[in-house]
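Note sheet for the following structure.
Rendered as structure tokens:
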């Protein structure tokens, strides 16, 4: 669970910005999108294959 503590003189906008940053770093949005709908086995294989390709490309640089 992501949580922030707002400072005394901190505005709500900056606190909200910090919260959004922490949520994105924790990968919560990614998990929500991933679990939003049913994924067929073929779609899952394609997604994993694309992830492997991206990873190989990143490590080859």
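Residue numbers (full-length UniProt numbering): 1 to 61.
Backbone N, C-alpha and C fix where the C-beta goes; we use that ideal spot for every residue, glycine too.
DSSP three-state call for residue 32: helix, strand or coil? Translated into positions along the chain shown, residue 32 becomes position 32. Here residue 32 sits in helix by DSSP.
Whole angstroms is fine: what's the gap from residue 17's alpha carbon to residue 40's? Walking along the chain shown from the start, residue 17 turns up at place 17. Walking along the chain shown from the start, residue 40 turns up at place 40. Rounded to whole angstroms, residue 17 to residue 40 spans 35 Å at the Cα level.
Please list the terminal residues of the continuous alpha helix (DSSP H) segment that includes residue 19. On the chain shown, residue 19 is found 19 positions in, with the first residue counted as 1. Note, residue 19: alpha helix (DSSP H), 12-26.
Could you spell out where the alpha helix (DSSP H) holding residue 42 opens and where it closes? For the purposes of this step, residue 42 is taken as residue 42 along the chain shown, with counting starting at 1. Here the alpha helix (DSSP H) through residue 42 covers 41-60.
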